[in-house]
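With positions in the sequence shown counted from 1, the corresponding number in the numbering used here is that position plus 9. Written below as structure tokens is the structure these notes are about.
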Amino acid sequence: MNRNYLFLFLFSMLMTFSGLASLPPIDRDEARFVQATKQMVETSDYVDIRFQDASRYKKPIGIYWLQSAAVAVSG
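Right under this line is the structure:
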């Protein structure tokens, strides 16, 4: 019985961690989210989301509001 559990555990670890090394440590859009939030805070325009000069309406605005709230709290 213990041998079956060991096999199940090893199989689940293999399936869980097999593709983990191929994932990047951060998302490639993370820098764009941060820059858009930075511009939002600097211009005090919390409705019009901009990344450099282009509008950025691909994601819901809530994530930008949460990030700008974190900037306001942390300084």
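Virtual Cβ for every residue (Gly too), placed ideally from N, Cα, C. Here the structure is a predicted model, which means the values were calculated and not measured.
Cut-off 6 Å between Cβ atoms - residues of its own chain near residue i, not counting five sequence neighbours on either side
i, result
"residue 57", "none"
8 Å Cβ shell around residue i - same chain, five flanking residues per side excluded
i, result
"residue 45", "58, 59, 60, 65 and 73"
Classification of residue i by the beta-carbon crowding that lies within 10 angstroms, buried from 16 upward
i, result
"residue 49", "buried"
Contacting residues, own chain, Cβ-Cβ under 7 Å from residue i (five flanking each side not counted)
i, result
"residue 38", "none"
Cβ-Cβ distance between residue i and residue j below 8 Å
i, j, result
"residue 55", "residue 21", "no"
Between the CA atoms of residue j and residue i - distance to the nearest angstrom
i, j, result
"residue 63", "residue 11", "59 Å"
Ranges of the alpha helix (DSSP H) found wholly within the stretch 24–74, counting only runs of at least 4:
39–52
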